Structures are given as C-alpha cells and as structure tokens.
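Numbering-wise (this note's numbering), the sequence shown opens with residue 299 and increments by one. We put the CB at the ideal spot given by N, CA and C, even for glycine. Remember, predicted model here, so these are calculated numbers, not experimental data.
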Amino acid sequence: MSKITVIGAAGRVGSNAAREAAGCLKHGDELVLMDIPLALNGLRGIAIDIKDAALTDAMIVATDDRKEIAGADIVVVTAGKPRGPGMTREQLLLENSSIIKGIGQDIGKYAPCAKVIVVSNPMDIMAYVLYKSMGCRPNQVTGMGGALDSRRYRKFLAQEFGCKIKDVEGAVVLGAHGEGMVPITSTVRIKGKKPNDMEKVEEAGKQAVVAGKTMADFGASAYFGPAPAINSMVKAILADTKEVIPSSVLASGEFGIKGIFIGLPAKIGKNGVEEIVEIGITPAEKEKLKDSAKSIRRAMEPIEGADPNAN
Ligand SMILES: NC(=O)c1ccc[n+]([C@@H]2O[C@H](COP(=O)([O-])OP(=O)(O)OC[C@H]3O[C@@H](n4cnc5c(N)ncnc54)[C@H](O)[C@@H]3O)[C@@H](O)[C@H]2O)c1
Numbered sequence: 299m300s301k302i303t304v305i306g307a308a309g310r311v312g313s314n315a316a317r318e319a320a321g322c323l324k325h326g327d328e329l330v331l332m333d334i335p336l337a338l339n340g341l342r343g344i345a346i347d348i349k350d351a352a353l354t355d356a357m358i359v360a361t362d363d364r365k366e367i368a369g370a371d372i373v374v375v376t377a378g379k380p381r382g383p384g385m386t387r388e389q390l391l392l393e394n395s396s397i398i399k400g401i402g403q404d405i406g407k408y409a410p411c412a413k414v415i416v417v418s419n420p421m422d423i424m425a426y427v428l429y430k431s432m433g434c435r436p437n438q439v440t441g442m443g444g445a446l447d448s449r450r451y452r453k454f455l456a457q458e459f460g461c462k463i464k465d466v467e468g469a470v471v472l473g474a475h476g477e478g479m480v481p482i483t484s485t486v487r488i489k490g491k492k493p494n495d496m497e498k499v500e501e502a503g504k505q506a507v508v509a510g511k512t513m514a515d516f517g518a519s520a521y522f523g524p525a526p527a528i529n530s531m532v533k534a535i536l537a538d539t540k541e542v543i544p545s546s547v548l549a550s551g552e553f554g555i556k557g558i559f560i561g562l563p564a565k566i567g568k569n570g571v572e573e574i575v576e577i578g579i580t581p582a583e584k585e586k587l588k589d590s591a592k593s594i595r596r597a598m599e600p601i602e603g604a605d606p607n608a609n
C-alpha cells in the first residue's frame, strides 16, 4: 500500500501532477491532495475529477489539514507562487521560501521517512530549504527540474535534426533549474550516432534554457509539461527502478560541487536518491556545471542557514 501526498494540489502544476500520480495507484493506495483552506472547495472538485479521469481504485482525499501528511511514502511539493511575465525563478525566492519552510517542518513532523520531490521555484533553493526545515537525510529530498529540462532539450534536438524524438538519446540537462542550466552536448546521440553538426546541438540547448521564460513572457507558465516529468520520479520511487534521472540533489563533492542542491544525474529508487552518478562529461562541461553551482550559491545568499564554506 502506497500513500502519495501532493501539497499545492489545487494549483495547476499540483493538480496535473496528482492526475498523473493517480494513474500509478491501485486499490488500497491513497492520494492526498493538500492545499490552503481558501482553496479547499475547489480542491474537493479536483479530487472528484481526478478520480473520474484516472478511474483508479485508490482513495483520493482533499484536505487542508497538514496532519494528513502522516504515513506518506512520497510527498510532491508544488505549493507557492509561479513566476509572471518578465520574472525569473529567483525572484520568487523570498515568498516561496517561507511557504516551503513551513511545509518542510510539517513533513518532518508527520512523515519523517517520506521521500520528497520539490517542484516549487526557485526549485534548487526550495529543495535546500525543504531539506533543512524537514531535518531529514539528504537522500530523502530531491527536486524536479532536470527531468523537464531534459525532455525539452530532447524535443528541441529532434526539431533541429528533423528526426523523431525517440531517435534522440543522451539529452541531459544538469545544473541549476534556471537561466544557469547546462545542456550537456557531449552525450547527445542522434539515431545512435554522435552528431556531426554540433551547432544544431548548441541551438537546441539554447532553446531548452529559455523554454520556461518563453512561456512566462506569453503570460503563461508550464503545468502540463512538468506533470509527466514529476511522475517519472514518482514511479522510480514507487517501483524502485533506480532509473538515472537528472534531479536536484544535495551534492557532496560530485563533479567538484558540494553543499548545495543542484541538478545532477541521480539514481532514483525506493530510498529516494540512491546514488549520484558521475557520468562522463567534458572538462569544459564540468566548468560550466561549477559556474552553474556558483549561480545557485549566489542566489541563495539571502536564505538563512546557507553554508558559506561550501564550494
Ligand atoms: N520545477 C519545475 O520544473 C516547475 C515547473 C513549473 C512550475 N514550477 C513552480 O511550481 C509552483 C506552482 O506553480 P503553479 O503554476 O501550480 O502555481 P499555482 O498558483 O497554480 O498553484 C500553487 C498552489 O500552491 C498553493 N499554496 C500556496 N501556499 C500554500 C501552502 N502554504 N500550503 C499548501 N498549498 C499552498 C496555492 O493555494 C495554489 O493552489 C511555482 O513555484 C512554479 O514556479 C516549477
């Protein structure tokens, strides 16, 4: 029997993530949709709609009571403000960090063994804030960003090379989930081969970096796209697949980075982050990753408890 709680479930990302998660649950399992009291009525409607859409035997509960986190195996955190036109994810820092801090404390209180997937932006920093406030082991907390950015990169690569998406392999985006993200070019394979035209690879990477901003500038923000990316991580934990997924994890020296949450290739399984995998990338890509780490560290300076000695 599994229990998944989605916090922020009345929102666009949370409700779509919950809809995807419902499809993975069976009789005896439980899906808890959680949000603030003001959103509770709408949330009750969403619970009915998700049950109809997934036609699942799992129990689906709508609540504003944090005690309902108790016993959760997986908690998906999508609570908080999305960015508006012209805003960066980093501008959301102060408002969302106070929301995430409270949520982290409650998960630590009611479900201290839960595996937590943080989605709220600025995601790498929110994963750090949640980890600190939950007071848990580092492997229990991960952030979703790289999974979505890598899916986008793969799509743009297929467009650039005029091939099917399934013909693209090794589309990996690491580093910050923000303007400092690092699309890895050296691992890309098109129809099993290293591409000759690296300019097209670079161009696809550039498009992946601005994909979120493009939507924000239209006055929109992503919520269909994140849902399957979140669910790939939920499924890896539920089924203990140990799939390697670019995920925000607490680095402890891998790729020369430590003390912050940053997107790295991570084996995801029943224990959350089972291992950070140091895939082969070029020295230039390693340097970009270190610069990306610096951008996260700079952005998290206003956050209490950041380790100034981490490198
Ligand atoms: N990591 C990613 O790839 C990614 C992608 C898209 C969006 N996001 C981020 O996800 C977050 C949610 O985006 P959205 O479009 O769903 O926003 P939204 O405004 O539609 O939903 C946010 C929800 O959070 C709820 N909420 C606020 N404070 C809460 C609290 N203390 N407890 C419980 N619920 C609370 C709100 O009531 C609302 O229902 C944003 O921060 C956004 O930037 C991240």
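A351 is positioned such that its CB atom lies no closer than 8 Å to that of A308. If the five residues before and after M479 are omitted, its C-beta is found closer than 6 Å to the C-beta atoms of D447, V471, G473 and V507, all from its own chain and listed in chain order. For D422, the shortest separation between its Cβ and any heavy atom of ligand 1 does not lie below 7 Å. A319 is positioned such that its CB atom lies closer than 8 Å to that of N529. For H325, the number of other beta carbons within 10 angstroms of its own is below 16, and it is reported as exposed. Within the same chain, and ignoring the five residues on either side of E458 in sequence, the residues whose Cβ sits closer than 7 Å to its Cβ are K498, E501 and A502. At a Cβ-Cβ threshold of 8 Å, S418 and A370 do not count as neighbours. Taking the C-beta atoms as reference points, I555 is found no nearer than 8 Å to Y426. The beta carbon of M531 sits closer than 8 Å to the beta carbons of I415, T440, M442, A445, I543, S545 and I566 from its chain, once the five residues preceding and following it are set aside; these are given in chain order. Per DSSP, A412 lies in no beta strand (DSSP E) and is assigned neither H nor E.
Here R452 carries a helix assignment [DSSP, helix/strand/coil].
Around the beta carbon of S396, fewer than 16 other beta carbons lie within 10 angstroms, which makes this residue exposed. For S593, the closest of K413, P436, P420 and R450 by C-alpha to C-alpha distance is P420.
Residue environment: I334 is assigned as exposed (fewer than 16 neighbouring CB atoms within 10 Å of its CB, all protein chains considered). Judged by DSSP secondary structure, M421 falls within the alpha helix (DSSP H) whose first and last residues are M421 to M432.
Here A520 is buried: its Cβ has 16 or more other Cβ atoms, across all protein chains shown, within 10 Å.
In this structure, L587 sits away from P436, with a CB-CB distance that is not shorter than 8 Å.
In the structure shown, the three-state DSSP call for T512 is helix.
Within the DSSP secondary-structure output, L331 pairs in a beta bridge with V304 and A360.
Per the DSSP secondary-structure output, S545 pairs in a beta bridge with L562. With a threshold of 7 Å, the Cβ atom of R487 does not count as near ligand 1, since no heavy atom of the ligand is closer than that. Rounded to the nearest whole angstrom, the C-alpha separation of I488 and A582 is 22 Å. The three-state reading of DSSP puts G406 in helix, counting H, G and I together.
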